[in-house]
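Working notes, beginning with the structure itself.
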Amino acid sequence: MNLGQWSVRNKVLLPVWIMAAFVVLVVTINLVILRGELERGHVEKVRALVESARSITEESYRLAQDGTLSEDAAKDKARDAIRAMIFNGGARVFVFDETGNRVVSNTVAEEGTSAWGSRHTQDMIRNGLNGGGVTYYKGARTLDGVTTRGRPKAAWSEHFAPWGWVISSAVYLDDVNTSFWNHLLRFALIFGAVGVLLLLWVNAIVGSITGPVLRLTANMKQLADGDTHVTVEDTGRADEIGQMAAAMRTFVSYEQERHALHGKLQELAFSDSLTGLANRASFQDRLQCELDRAAADGTHCALIVVDLDRFKTINDTMGHAAGDAVLIQTARRIESAVCARAFIGRLAGDEFFVVLPDLPDVDEAMAQAHRLVEAMRQPMMVEDAVLQVSVSTGVAAGPGDSASAPALFRFADLALYDAKQAGGNCARAYRTQMGETIEKRFKLETMMNGALKRGEFKAAFQLKMDLATGYPAGAEALCRWVHPCFGNINPAEFIPVAEETGQIIAIGNMMLREACKFAVQVNHASARATVIAVNVSPRQLMNGDFLIRLRDCLAGTGCQPEWLELEITESLLLGEGGGVHETLEQIAAMGIGIAIDDFGTGYSALSYLHRFPITALKIDRSFMNGICGDPQQEILVRTILAMAHGLGLETTAEGIETEDVARKLASMNCRFGQGYLWHRPAAAEETSGIMCGLAVA
1 MNLGQWSVRN KVLLPVWIMA AFVVLVVTIN LVILRGELER GHVEKVRALV
51 ESARSITEES YRLAQDGTLS EDAAKDKARD AIRAMIFNGG ARVFVFDETG
101 NRVVSNTVAE EGTSAWGSRH TQDMIRNGLN GGGVTYYKGA RTLDGVTTRG
151 RPKAAWSEHF APWGWVISSA VYLDDVNTSF WNHLLRFALI FGAVGVLLLL
201 WVNAIVGSIT GPVLRLTANM KQLADGDTHV TVEDTGRADE IGQMAAAMRT
251 FVSYEQERHA LHGKLQELAF SDSLTGLANR ASFQDRLQCE LDRAAADGTH
301 CALIVVDLDR FKTINDTMGH AAGDAVLIQT ARRIESAVCA RAFIGRLAGD
351 EFFVVLPDLP DVDEAMAQAH RLVEAMRQPM MVEDAVLQVS VSTGVAAGPG
401 DSASAPALFR FADLALYDAK QAGGNCARAY RTQMGETIEK RFKLETMMNG
451 ALKRGEFKAA FQLKMDLATG YPAGAEALCR WVHPCFGNIN PAEFIPVAEE
501 TGQIIAIGNM MLREACKFAV QVNHASARAT VIAVNVSPRQ LMNGDFLIRL
551 RDCLAGTGCQ PEWLELEITE SLLLGEGGGV HETLEQIAAM GIGIAIDDFG
601 TGYSALSYLH RFPITALKID RSFMNGICGD PQQEILVRTI LAMAHGLGLE
651 TTAEGIETED VARKLASMNC RFGQGYLWHR PAAAEETSGI MCGLAVA
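Okay, structure coming up:
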């Protein structure tokens, strides 16, 4: 418990509440003890009555023993005496034998009948036989002719062994409750009256201390918020609080003077001399302030970054004076387009910012951004020339996108970049993917620069199995990037970046050489030809020296063309001109196989399969999961296989992970399979060892 976080009032009241809790605890314990004593008193009364009845029974038994009375007469005498015993409130003594038969009862007619069916009778007899004890139970009570059931009772039982009697008497505990509640009511009245008076007294004392402290605290918070219109009270007190208040008044006076000077300096330091708007110096602080306020209030704060389209052209063709005129008019149009509470400024050059505080939702920010873009589309008169000026805007909203001003500015800038990429003259809102994609892409691009030199890209090989025989029929070379710090990097992440930056050419050439080397290794160890496949990217294939490098790889490694298969995508065949067809024809003329990778996910048209020298299709893994349970998936796969067979193409199913899928594909006459069912991609040495082992087996 950190008392330093407590208010002064709570700290002063804490001992009072602890003492009050202690008093309540002590009183509660005493009330519990009192109730127990009242209950024990009632039980002792019936115990005394039972013991009296037992003494009477013992006396009658003694008379029977010395022959003064017969045993029956003695028992009658004892019963008569016990019947006559009445406790205050009407309680009587009753007697049972050890089997539960009534010996003495409140009603003579009941004597001789069994009461064993009653649970509390059994308990009273059991307690009596065990040396005496109390039985608690509930019974009916009649007062003033009104019978109430379920009233709490307590009975004391004792055993008179010579005659086998269990003597008992019961008392109602209602009187205990009544007495207890009377005590409790008296206590509550006394304690309540004293407590109210004490509370009023303590509250008055605490208020005289904490009230002025809270007012001084509020004054300081008001000053901290920049409001110098502070009224300081309690300066007339003669105690320490009065001294604090006087000092506070002096401080407020100094602060008012400082604030006035600061305002003048800020006006000079934080405004743009050309447009009269706020400048970049005031931007970050104001944006962070509004973001903090939005987070506290549960509202939104949006940032719109505005950039003029083709402003450099205006500056270059019409001069800087015209450019300044455009900037000034742009500032005025932004002011008229957005809401009155917006904070508008110029960042630098032709870039402006708009901070929109207290937004109910982020859609309002996009609406204002669109209005701004629309306002700028209107013709602008500059030096007797009519200019068509447009702007691009990027919008980011906090605290949803970020609660940090620098981060929000970066996100708005990313959205602005997206707007520029879309052709300008539009507004774009920040999406998480923008930042993630650009950051990840930049990071991967930076890391890739030295990855090839350091040998971080490795070739792994995955077996291709003959579905009919279950033996390996070949393998596919797959690129793996093992970074020294980040470990294995997913090919789905770095391959697209490598494609965009052109580094895929170097990576692809490395993979081509590794595939050729592995093909030589496994074919020298095998009696039959084994084909190794390797992916070739469109950019690599269409690079001017690809065929030269391909021939160099074959010659340099000793790889035979028929040992190699190049995997290409459908998009390559559809997206390039005649150069693709010519290159593929030359590859096929060498005797190298050409396979369409991930077949079925793209255009999958018969025309290009017929026009290009394709030798194999690799059916995409997305068809494998549902082939055993989805009739439509099965029909699609059968159609692909029928088309391939009709064109004389070999078929390989990718992504096989279960025996059921493998058997299903084999029954559909799919020639080869590839997937984790048999083998995960591994290094060349491990894969060749597995291939040799399976081939021998």
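Residue 616 in full-length UniProt numbering sits at position 616 of the sequence shown, and the numbers go up by one each step.
Backbone N, C-alpha and C define an ideal beta-carbon position, used for all residues, glycine too.
Just so it is clear, the structure is predicted and the values come from calculations on it, not from any experiment.
- Residues sharing a beta bridge with Gly470, DSSP: Here residue 470 corresponds to residue number 470 of the sequence shown, with the count starting at 1. Answer is none; Gly470 lacks a bridge partner.
- Message: Let me confirm a value: residue 739 is counted as buried when at least 16 other C-beta atoms fall within 10 Å, else exposed. Which label applies?
- Response: Outside the displayed span of the chain (1 to 697) sits residue 739, for which this structure offers no information.
- Message: Per DSSP, what are the beta-bridge partners of Cys485 in this structure?
- Response: Numbered from its first residue, the sequence shown carries residue 485 at position 485. Per DSSP, none; premise fails for Cys485.
- Item | Span of the alpha helix (DSSP H), counted from its first residue to its last, around Cys516 | The residue given as residue 516 occupies position 516 in the sequence shown. Element bounds for Cys516: Ile504 to His524.
- Query: Do you know whose CA, among Lys77, Ala53, Arg54 and Ser52, lies nearest Ala64's CA?
  - Reply: Residue 64 sits at position 64 when you count from the first residue of the sequence shown. Residue Lys77 is the option with its Cα nearest to Ala64.
- Query: Going by other Cβ atoms of all chains shown within 10 Å of its Cβ, with 16 needed for buried, is Met691 buried or exposed?
  - Reply: The count along the sequence shown starts at 1 and reaches residue 691 at position 691. So Met691 counts as buried.
- Per the contact definition of three or more C-beta pairs closer than 8 Å, is the segment 455-463 in contact with the segment 677-688? yes
- May I ask you to report which of helix, strand or coil DSSP gives Ile548? Position 548 of the sequence shown, counting from 1, holds the residue named residue 548. It is helical.
- Task: For my contact list, Gly675 and Gly689 are in at a C-beta cut-off of 8 Å; report their separation, rounded to the angstrom.
- Result: Position 675 of the sequence shown, counting from 1, holds the residue named residue 675. Position 689 of the sequence shown, counting from 1, holds the residue named residue 689. Not really, about 19 Å apart at Cβ, beyond 8 Å.
- Message: Buried or exposed for Met19, going by 16 or more other Cβ atoms inside 10 Å?
- Response: Along the sequence shown, one-based indexing puts residue 19 at 19. Exposed.
- Query: Gln521: buried (16+ other C-beta within 10 angstroms of its C-beta) or exposed?
  - Reply: Taking the sequence shown and counting its residues from 1, the one referred to as residue 521 is at position 521. Counting Cβ neighbours within 10 Å, Gln521 comes out buried, since at least 16 surround it.
- Task: Could you tell me how far apart the beta carbons of Met624 and Ala653 are, in whole angstroms, since I believe they sit closer than 8 Å?
- Result: Within the sequence shown, the letter at position 624 stands for residue 624. Within the sequence shown, the letter at position 653 stands for residue 653. Right, their Cβ atoms sit about 6 Å apart.
- Let me know if Phe486 comes out buried or exposed under the rule of 16 or more other beta-carbons within 10 Å of its beta-carbon. Along the sequence shown, one-based indexing puts residue 486 at 486. Its Cβ having fewer than 16 others within 10 Å, Phe486 is exposed.
- Task: Verify the CB distance criterion: does Arg663 have a CB-CB separation below 7 Å to chain C?
- Result: No chain C appears in the structure shown, which is made up of a single protein chain.
- Query: Unbroken beta strand (DSSP E) runs of length 3 or more, entirely within the segment 140-181: which are they?
  - Reply: 146-160 and 165-172
- Message: Using a 10 Å radius around the Cβ and a threshold of 16 neighbouring Cβ atoms, would you call Asn146 buried or exposed?
- Response: Here residue 146 refers to the residue found at position 146 of the sequence shown. Note that residue 146 is Val in the sequence shown, not Asn. Result: exposed.
- Alpha carbon to alpha carbon, how far is Arg62 from Ser70? Give it in angstroms, no decimals. Here residue 70 refers to the residue found at position 70 of the sequence shown. Here residue 62 refers to the residue found at position 62 of the sequence shown. Each residue's alpha carbon lies about 11 Å from the other.
- Taking three-plus beta-carbon pairs below 8 Å as touching, is the segment 276-296 in contact with the segment 361-374? no
- Query: When we look at the beta-carbon of Arg346 and count the other beta-carbons within 10 Å, is it buried (16 or more) or exposed?
  - Reply: Position 346 of the sequence shown holds residue 346. Flag for Arg346 reads buried.
- Message: If distances are taken between C-alpha atoms only, which option among Thr432, Ala193 and Glu58 comes closest to Val166?
- Response: Working through the sequence shown from its first residue, we reach residue 166 at position 166. Answer by Cα proximity: Glu58.
- Message: Taking contact to mean 3 or more Cβ pairs, one atom from each stretch, closer than 8 Å, check whether the segment 93-110 and the segment 179-191 are in contact.
- Response: no
- Just the C-alpha distance for Pro15 and Ala21, rounded to the nearest angstrom, thanks. Mapped onto the sequence shown, residue 15 falls at position 15. Mapped onto the sequence shown, residue 21 falls at position 21. Roughly 10 Å between the two C-alpha positions.
- Message: What does DSSP give as the partner residue(s) for His568 in the beta ladder?
- Response: Here residue 568 is taken as the residue at index 568 of the sequence shown, counted from 1. First, the residue type needs correcting, since residue 568 is Ile and not His in the sequence shown. In the DSSP output, where bridge partners are listed per residue, Ile568 has Ile596.
- Task: Would you kindly check if the distance between the Cβ of Ala515 and the Cβ of Ile495 is under 7 Å?
- Result: Here residue 495 refers to the residue found at position 495 of the sequence shown. Here residue 515 refers to the residue found at position 515 of the sequence shown. No, Cβ-Cβ distance for Ile495 and Ala515 is not below 7 Å.
- Report the three-state DSSP secondary structure of Gln674 (helix, strand or coil). Residue 674 sits at position 674 when you count from the first residue of the sequence shown. In this structure, Gln674 counts as coil in the three-state DSSP scheme.
- Message: Can you tell me whether Ala684 is buried or exposed? The criterion is at least 16 other CB atoms within 10 Å of its CB, across all chains shown.
- Response: Taking the first residue of the sequence shown as 1, we reach residue 684 at position 684. By the neighbour-count rule (16 or more Cβ atoms within 10 Å), Ala684 is buried.
- Task: Let me know the secondary structure DSSP gives Val104 once reduced to three states.
- Result: Position 104 of the sequence shown, counting from 1, holds the residue named residue 104. Looking at Val104 - three-state DSSP - the assignment turns out to be strand.
- Message: By the DSSP assignment, the beta strand (DSSP E) with Arg528 in it spans what residues?
- Response: Your numbering for residue 528 matches position 528 in the sequence shown. Segment: none, Arg528 is in no beta strand (DSSP E) and carries neither H nor E.
- Query: Nearest CA to the CA of Leu356: which residue from Ala348, Arg638, Cys553 and Ala367?
  - Reply: On the sequence shown, residue 356 is found 356 positions in, with the first residue counted as 1. For Leu356, the nearest C-alpha among the options comes from Ala367.
- Going by other Cβ atoms of all chains shown within 10 Å of its Cβ, with 16 needed for buried, is Val229 buried or exposed? Sequence index remark: in the sequence shown, residue 229 carries index 229 (1-based). In the sequence on display, residue 229 carries His and not Val. Classification of His229: exposed, given that the 10 Å Cβ count is below 16.
- Alpha carbon to alpha carbon, how far is Arg83 from Ser114? Give it in angstroms, no decimals. As a working mapping, residue 114 is identified with position 114 in the sequence shown. As a working mapping, residue 83 is identified with position 83 in the sequence shown. Those two C-alpha atoms are separated by around 18 Å.
- Task: Could you spell out the range, first to last residue, of the beta strand (DSSP E) harbouring Phe353?
- Result: What you label residue 353 is simply residue 353 of the sequence shown in a count that begins at 1. Its beta strand (DSSP E) spans residues Glu351 to Leu359.
- Message: For a quick check, are the C-beta atoms of Ala589 and Cys559 less than 7 Å apart?
- Response: Along the sequence shown, read from residue 1 onward, the residue named residue 589 stands at position 589. Along the sequence shown, read from residue 1 onward, the residue named residue 559 stands at position 559. No; because the gap between Cβ atoms is not below 7 Å, this pair is not in contact.
- Query: So what's Tyr608 in DSSP terms, helix, strand or just coil?
  - Reply: Residue numbering aside, residue 608 sits at position 608 when the sequence shown is read from its first letter. It is helical.
- Do the segment 398-416 and the segment 336-344 touch if we need at least three Cβ pairs shorter than 8 Å? no
- Task: Have a look at Tyr603 and Leu641 and give me their C-alpha separation to the nearest angstrom.
- Result: By one-based count along the sequence shown, residue 603 stands at place 603. By one-based count along the sequence shown, residue 641 stands at place 641. Because the pLDDT of Tyr603 is 49, which lies under 50, any placement of that residue in the model is unreliable, and the question is left without a value.
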